[in-house]
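> Going by the numbering used here, the sequence shown opens with residue 313, and the numbers climb by one from there. For each residue, glycine too, the CB sits at the ideal point set by N, CA and C. Note that the structure is predicted; figures quoted are calculated from it, not measured. If you scroll down you'll find the structure; I have some questions about it.
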Amino acid sequence: MKKIVPFSLFIVALIIAVASCDPKDNPNTDPGEVVSAQYDPASKSFIVKFSNKSEKSYPAVIDNATDPPTAGYALDDKTYLYAADATVAGEATVSKEVNRVSQFVYDGMSTYYFWADEVQNKIPNLTDVNAENYFYKILNPTDTQHGWSWITDDVKALLAGFSGKSLSFGYDLGFIIIDHVVYAYVKYVHADTPASKAGIQRLDLIGKLNGQSIRTEQRNGNTYISNKDINLLYGQNAVQFTIYKFSGNQIVQDKEVTIAPDGSEKDPVLYDHIYPIGDKKIGYLFYTDFYDNFNHRLYEVFSKFKQNGVTDLVLDLRYNRGGAVSSAIYLASMIAPRSIVENKSPFVVMNYNHLLNTSFDKWYHDAKPADKYRYDRKDYLGVYDGAKDQNPLDANLNLNKVYIIATGGSYSASELTTFCLKPYMDVVHIGGNTGGKYTASWTIHAYDPLKDTEGRARANTLYDESKLSSSEKNKLQNWAMQPIVAMYANKDGKSFNHPGYLVPDYQLEEGFGYIEYWTPLGDTKDVLLGQALYVISGDESYLPVQPKSTRSIQTGRKEIMNPHDVAKPVMADHVKLTAEDFQRLHELRN
313 MKKIVPFSLF
323 IVALIIAVAS
333 CDPKDNPNTD
343 PGEVVSAQYD
353 PASKSFIVKF
363 SNKSEKSYPA
373 VIDNATDPPT
383 AGYALDDKTY
393 LYAADATVAG
403 EATVSKEVNR
413 VSQFVYDGMS
423 TYYFWADEVQ
433 NKIPNLTDVN
443 AENYFYKILN
453 PTDTQHGWSW
463 ITDDVKALLA
473 GFSGKSLSFG
483 YDLGFIIIDH
493 VVYAYVKYVH
503 ADTPASKAGI
513 QRLDLIGKLN
523 GQSIRTEQRN
533 GNTYISNKDI
543 NLLYGQNAVQ
553 FTIYKFSGNQ
563 IVQDKEVTIA
573 PDGSEKDPVL
583 YDHIYPIGDK
593 KIGYLFYTDF
603 YDNFNHRLYE
613 VFSKFKQNGV
623 TDLVLDLRYN
633 RGGAVSSAIY
643 LASMIAPRSI
653 VENKSPFVVM
663 NYNHLLNTSF
673 DKWYHDAKPA
683 DKYRYDRKDY
693 LGVYDGAKDQ
703 NPLDANLNLN
713 KVYIIATGGS
723 YSASELTTFC
733 LKPYMDVVHI
743 GGNTGGKYTA
753 SWTIHAYDPL
763 KDTEGRARAN
773 TLYDESKLSS
783 SEKNKLQNWA
793 MQPIVAMYAN
803 KDGKSFNHPG
813 YLVPDYQLEE
823 GFGYIEYWTP
833 LGDTKDVLLG
843 QALYVISGDE
853 SYLPVQPKST
863 RSIQTGRKEI
873 MNPHDVAKPV
883 MADHVKLTAE
893 DFQRLHELRN
């Protein structure tokens, strides 16, 4: 018995030891595949479940450079854990391959982007789970500073915005603080939109949203309207607006209205008029956006100007943030000297990255005459889409001088029109330094040319759709990029990238810098229009006179940047490259 007892104790101990070797507690045991992961913001960690039913916690790496901050962690087996919002608990993304949309971003940007050479070595990896963050991470610093390029996961909304049919209230806003109260002031309202139908007018002040005062927040030392209120003012839901008006030296409440946004068309030809002054007939056009599906409205106005013998033109682009090159050419073709338009003279020259410039020039040279337009880096006056628009020559005013009102709110195609007309005619610029966008962009989709109802492609594509799996197409179908692909120049090859904006011939601020002195659109007492009428006619009754004193309401006045008041792209919309073109470029690049 003395020998048996120790032996039996050894057996029991061995059984206990073996039983205690649960694979979940053994760090050397393979836990199997990751089944799922949860993110816990309290502990800033990921709790991972494995296929062997074990669980383990991993510390998250928080990226506070994004808004909201993200959380991530790379496991030893190259599996990457990701939470899009590090402040919210929930299921985490488990990634084992490079995000398909991030790969699309890289493929497009490393080939078509104006600064493509800088993107070559920024290949996405497993950690680039968020395609949007990856896109903005690889942008050139100048592009980032100006906010020129962007990406969206709602391509339908993107195209609707380019055609003036986006979901909106139909107004254009600015923001101001007066006596510590924040107001959204209305610059203009499109006809037949929710704002118009509710009686909202230019110079109305929106002081409350759903009964609450508009709030601001500080970001990077700057004052912004709160994201919550921006989402109400530009969102998709009905909102109650409390409207105020200027009354003498005071701001008084006017009314409350509740309106919902809709997708009604926003006609960019907002106002036109003819002013007979002495022996002059001065045509005036207030134009808000370069939407190519509204070229017919430009034709209507210029036909009226021509029929009425207009001798001079004032083109008001003070709030026009840009749009399609084709619309700029159509407009310019009704302004410029007739002979220049008849000869289809060059208007814009696009300078792309080195790969595109050399490839396009060679392909243009080698292409059949019917295909040369696809690779032509020039756009020409007098060229238009005959399937939808009338010949601009039929409404051409044959002018040698044009007066353009442009300000810091004028960007993109507004600047292009102003700058590229100068080699052909005298352009008198009234207002302020322009906003500064001397670059052009394309809409790029992975595989869908996004044809309109007439069968015209609206996007450049990268991949042959037939070679993509259903899973790949599902991941890519809603995404599109709008990157900068070129710097535009006039017919002489000159650009204005230095200083980066256009300087006026007559430097003036709207209302002399005071919103109370603004007038209705087309009013001859408007400072900018009045200056144009005076310069044209010489009649001093139109000359703007700055008030000797300002009203007491100006106390504590401060303008606030509107995050929606940004440049629209100069859309080089005649270039539509296919998956075959991309493949040729991709092979040349490599």
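Is it buried or exposed, M662, if we count other Cβ atoms within 10 angstroms and call 16 or more buried?
Position 350 of the sequence shown holds residue 662. Label assigned to M662: buried.
> Hey, is the stretch 588 to 608 in contact with the stretch 835 to 852, meaning 3+ C-beta pairs nearer than 8 Å?
Yes, the stretch 588 to 608 touches the stretch 835 to 852.
> Which one or two residues does DSSP pair with K690 in a beta bridge?
Numbered from 1 along the sequence shown, position 378 holds the residue referred to as residue 690. V661, per the DSSP bridge assignment.
> Decide if Q415 is buried, meaning its Cβ has at least 16 other Cβ atoms within 10 Å, or exposed.
Within the sequence shown, numbered from 1, the residue matching residue 415 stands at position 103. So Q415 ends up on the buried side.
> Among the residues of its own chain, which have a CB less than 6 Å from the CB of V740, if the five just before and after it don't count?
As a working mapping, residue 740 is identified with position 428 in the sequence shown. Closer than 6 Å at Cβ, skipping near neighbours: Y715, D817.
> Taking the alpha-carbon positions, what's the T765 to M793 distance?
Against the sequence shown, residue 765 aligns to sequence position 453. Against the sequence shown, residue 793 aligns to sequence position 481. About 22 Å.
> E568 lies in the alpha helix (DSSP H); which residues open and close that run?
On the sequence shown, residue 568 is found 256 positions in, with the first residue counted as 1. Here E568 belongs to no alpha helix (DSSP H); instead the beta strand (DSSP E) covers 562 to 571.
> Three or more beta-carbon pairs under 8 Å between the stretch 774 to 791 and the stretch 695 to 704, yes or no?
Cβ pair count under 8 Å is below three, so no.
> Using the Cα positions of A354 and G533, report the straight-line distance between them to the nearest angstrom.
Within the sequence shown, residue 354 is the residue found at index 42, counting from 1. Within the sequence shown, residue 533 is the residue found at index 221, counting from 1. About 28 Å.
> Please report the straight-line C-alpha distance between D688 and F672, rounded to a whole angstrom.
Locating residue 688 in the sequence shown gives position 376, counting from the first residue. Locating residue 672 in the sequence shown gives position 360, counting from the first residue. Cα to Cα, D688 sits roughly 7 Å from F672.
> To the nearest angstrom, how far is the alpha carbon of A386 from that of P795?
As a first step, residue 386 must be located in the sequence shown, where it is residue number 74. As a first step, residue 795 must be located in the sequence shown, where it is residue number 483. So the alpha carbons of these two residues sit roughly 30 Å apart.
> With distances taken from CA atoms, which of N437, I652, S461 is nearest E409?
For the purposes of this step, residue 409 is taken as the residue at position 97 of the sequence shown. E409 has its Cα closest to that of N437, out of N437, I652, S461.
> Rounded C-beta distance between L814 and A682? I'm assuming under 8 Å.
Along the sequence shown, one-based indexing puts residue 814 at 502. Along the sequence shown, one-based indexing puts residue 682 at 370. At roughly 37 Å, the Cβ-Cβ gap does not stay under 8 Å, so L814 and A682 are not in contact.
> By DSSP, does Q619 sit in helix, in strand, or in coil?
Looking up residue 619 in the sequence shown gives position 307. Of the three classes helix, strand and coil, the one that applies to Q619 here is helix, per DSSP.
> Three or more C-beta pairs under 8 Å: does that hold for the stretch 750 to 767 against the stretch 895 to 902?
With a cut-off of 8 Å, the stretch 895 to 902 and the stretch 750 to 767 do not count as touching, because too few Cβ pairs lie within range.
> With 16 as the cutoff for other CB atoms within 10 Å, does H757 come out buried or exposed?
Residue 757 sits at position 445 when you count from the first residue of the sequence shown. So H757 ends up on the buried side.
> Counting only runs that start and end within the stretch 744 to 830, where is the beta strand (DSSP E) found for 3 or more residues in a row?
Whole beta strand (DSSP E) segments, 3+ residues: 751 to 753, 792 to 794, 796 to 801.
> Which one or two residues does DSSP pair with W675 in a beta bridge?
Residue 675 sits at position 363 when you count from the first residue of the sequence shown. W675 is not bridged to any residue.
> For I641, I'd like the list of residues in its chain whose CB is within less than 7 Å of its CB, leaving aside the five on either flank, ordered along the chain.
Indexing the sequence shown from 1 puts residue 641 at position 329. Here the set comprises F659, D691, L693, V695.
> According to DSSP, is M883 helix, strand or coil?
For this step, residue 883 is matched to residue 571 along the sequence shown. Correct three-state label for M883: strand.
> Comparing C-alpha positions only, which one of Y546, D760, T535, I526 sits nearest to P506?
Within the sequence shown, numbered from 1, the residue matching residue 506 stands at position 194. The option with the nearest alpha carbon to P506 is Y546.
> So what does DSSP say about D835, is it helix, strand or coil?
What you label residue 835 is simply residue 523 of the sequence shown in a count that begins at 1. In the structure shown, D835 sits in coil (DSSP, three-state: anything other than H, G, I, E or B).
> Is it buried or exposed for K567, if we count other Cβ within 10 angstroms and need 16 for buried?
For this step, residue 567 is matched to residue 255 along the sequence shown. Per the 10 Å Cβ criterion, exposed.
> From L840 to A395, what distance separates their C-alpha atoms?
The residue given as residue 840 occupies position 528 in the sequence shown. The residue given as residue 395 occupies position 83 in the sequence shown. So the alpha carbons of these two residues sit roughly 51 Å apart.
> Here's a check: name, in chain order, each residue in its chain whose Cβ is nearer than 8 Å to the Cβ of K734, leaving out the five neighbours to either side.
Numbered from 1 along the sequence shown, position 422 holds the residue referred to as residue 734. Taken in chain order, the residues that qualify are N802.
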